[in-house]
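Trainee: Taking the numbering used here, the leading residue of the sequence shown gets 3, the next gets one more, and so forth. Note that the Cβ used here is the ideal one computed from N, Cα and C, for glycine as well. Keep in mind that this is a model prediction, so the values were computed, not measured.
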Amino acid sequence: MPDRRVVITGMGVVTPVGNDLEIFWSNLRNGVSGIRTIDAFDTTGYDCKIGGQVRDFDPKPFFKNPKDIRRTDRFTHLAMAAAKIAMADSGIDIDNLKERDRFGVLVSTGIGGLKTLQDQLQILLTKGPGRNSPFTIPMLISNMAGGVISMEFDLRGPNLCIVTACATSNNAIGESWRIIKSGDADVFLAGGAEASIVEIGIAGFSAMKALSTRNDEPERASRPFDRDRDGFVM
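1) Could you compute how far the alpha carbon of residue 167 sits from the alpha carbon of residue 95?
2) Can you tell me which residues form a DSSP beta bridge with residue 107?
3) Apart from the five residues on each side of it in sequence, which residues of its chain come closer than 8 Å, Cβ to Cβ, to residue 146?
4) Can you name, in chain order, every residue of its own chain whose Cβ lies under 7 Å from the Cβ of residue 133, other than the five neighbours on each side?
5) Taking the alpha helix (DSSP H) that residue 59 falls in, what are its first and last residues?
6) Which residues does DSSP list as the beta-bridge partners of residue 53?
7) Measuring straight from C-alpha to C-alpha, what distance separates residue 198 and residue 142?
8) Can you tell me whether residue 47 is helix, strand or coil according to DSSP?
9) Out of curiosity, what's the CA-to-CA distance linking residue 28 and residue 22?
10) Would residue 220 and residue 46 be called neighbours here (beta carbons separated by less than 8 Å)?
11) Alpha carbon to alpha carbon, how far is residue 49 from residue 227?
12) For residue 11, I'd like the list of residues in its chain whose CB is within less than 6 Å of its CB, leaving aside the five on either flank, ordered along the chain.
13) Rounded to the nearest angstrom, what separates residue 42 and residue 118 at their Cα positions?
14) Let me know if residue 103 comes out buried or exposed under the rule of 16 or more other beta-carbons within 10 Å of its beta-carbon.
15) Anyone know if the C-beta pair for residue 200 and residue 53 falls short of 8 Å?
16) Give me the residue from 82, 51, 230, 34 with the minimum Cα distance to residue 153.
17) Around the Cβ of residue 216, are there at least 16 other Cβ atoms within 10 angstroms (buried) or fewer (exposed)?
18) Which residue marks the beginning of the alpha helix (DSSP H) containing residue 123, and which one marks its end?
19) For residue 111, which of 162, 7, 157, 13 has the nearest alpha-carbon?
20) Give me the Cα-Cα distance between residue 20 and residue 26, rounded to the nearest whole angstrom.
21) Buried or exposed for residue 101, please, with buried defined as at least 16 other CB atoms from any protein chain shown within 10 angstroms of its CB.
22) Relative to the C-alpha of residue 105, which candidate in 14, 182, 233 has its C-alpha closest?
23) Per DSSP, what kind of secondary structure is residue 17 in: helix, strand or coil?
24) Which one or two residues does DSSP pair with residue 213 in a beta bridge?
Shown next as structure tokens:
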């Protein structure tokens, strides 16, 4: 493998503990938890009622065409926002970028457009196949976030999506490092996005008995190495 030095030049985050780098880093340093009671939907009847929601997020500033927001799932909204924050933080002059075929995108997700799948299945079962959105498949497939980002910035290098559950984002960054190190690309926009705090997501993991049910103390629920652990937190 060529002896190429690979560095991180910019970062972007949209998370339960902050929707920009400054707030995110400050909350991390001060031990602020992003785990709270879920209010994205009615959790009556669910064993787990807590999770790390991204709150106060508006995708509009991150999309040139408002129609593209309706044509993409929330996980793509989060990915696009983080990508634009990272691009701005990097200082890369994207408008004057010359070697676009050397600039890759590797944005991954564990589940993809779960809310889209849930909503469109409901439409199918209640209204019939003629009422499903023509954007159903493009909205839910896992590689769509990376595809939309590459089109937004006109990036023509390698475009990949890794799906490895909770390790997905780390794998995306590691594989991007490997591709740059090997000389097959010069720059990568790498990371991951997830939007799985929806009814079927919580119900499915709850059915596995995988989620913590410490609903009365959400900030103390995630304790993977504690002998009193009772599951993970979404």
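Mentor: Put simply:
1) Position 165 of the sequence shown, counted from the start, is the residue given in the question as residue 167. Position 93 of the sequence shown, counted from the start, is the residue given in the question as residue 95. Each residue's Cα considered, the two are about 33 Å apart.
2) In the sequence shown, counting from the first residue as 1, residue 107 sits at position 105. For residue 107, which the question treats as bridged, DSSP gives the partners 161, 191.
3) Counting from one through the sequence shown, the residue named residue 146 turns up at place 144. Result list for residue 146: 74, 75, 78, 114, 115, 140, in chain order.
4) The residue you call residue 133 lines up with position 131 of the sequence shown. Result list for residue 133: 125, in chain order.
5) Working through the sequence shown from its first residue, we reach residue 59 at position 57. Looking at the DSSP string, residue 59 is not in any alpha helix (DSSP H), and its letter there is neither H nor E.
6) For the purposes of this step, residue 53 is taken as residue 51 along the sequence shown, with counting starting at 1. Per DSSP, 38.
7) Locating residue 198 in the sequence shown gives position 196, where the first residue counts as 1. Locating residue 142 in the sequence shown gives position 140, where the first residue counts as 1. Roughly 12 Å separates the two Cα atoms.
8) The residue given as residue 47 occupies position 45 in the sequence shown. Three-state DSSP puts residue 47 in coil, outside helix and strand.
9) On the sequence shown, position 26 is the one that residue 28 refers to. On the sequence shown, position 20 is the one that residue 22 refers to. Going from the Cα of residue 28 to the Cα of residue 22 covers about 10 Å.
10) The residue you call residue 220 lines up with position 218 of the sequence shown. The residue you call residue 46 lines up with position 44 of the sequence shown. Not in contact: residue 220 and residue 46 (Cβ atoms no closer than 8 Å).
11) Walking along the sequence shown from the start, residue 49 turns up at place 47. Walking along the sequence shown from the start, residue 227 turns up at place 225. Near 22 Å, if we compare the C-alpha coordinates of residue 227 and residue 49.
12) Taking the first residue of the sequence shown as position 1, residue 11 is located at position 9. Within the same chain, residue 11 has close Cβ partners 92.
13) Here residue 42 corresponds to residue number 40 of the sequence shown, with the count starting at 1. Here residue 118 corresponds to residue number 116 of the sequence shown, with the count starting at 1. Roughly 15 Å separates the two Cα atoms.
14) Reading the sequence shown from its first residue, position 101 is the one you call residue 103. Residue 103 should be labelled exposed.
15) For the purposes of this step, residue 200 is identified with residue 198 of the sequence shown, where counting begins at 1. For the purposes of this step, residue 53 is identified with residue 51 of the sequence shown, where counting begins at 1. Their beta carbons are not under 8 Å apart, which means residue 200 does not touch residue 53 by this criterion.
16) Residue numbering aside, residue 153 sits at position 151 when the sequence shown is read from its first letter. Checking every option, the nearest Cα to that of residue 153 belongs to 82.
17) Your numbering for residue 216 matches position 214 in the sequence shown. By the 10 Å Cβ count, residue 216 comes out buried.
18) Here residue 123 refers to the residue found at position 121 when the sequence shown is read from its first residue. Counting along the chain, the alpha helix (DSSP H) containing residue 123 begins and ends at 116-129.
19) Within the sequence shown, numbered from 1, the residue matching residue 111 stands at position 109. It is 162 whose Cα lies nearest to the Cα of residue 111.
20) Position 18 of the sequence shown, counting from 1, holds the residue named residue 20. Position 24 of the sequence shown, counting from 1, holds the residue named residue 26. Roughly 4 Å separates the two Cα atoms.
21) Looking up residue 101 in the sequence shown gives position 99. Classification of residue 101: exposed, given that the 10 Å Cβ count is below 16.
22) What you label residue 105 is simply residue 103 of the sequence shown in a count that begins at 1. It is 182 whose Cα lies nearest to the Cα of residue 105.
23) The residue labelled residue 17 in the question sits at position 15 within the sequence shown. Here residue 17 sits in strand by DSSP.
24) Reading the sequence shown from its first residue, position 211 is the one you call residue 213. Bridge partners of residue 213: 234.
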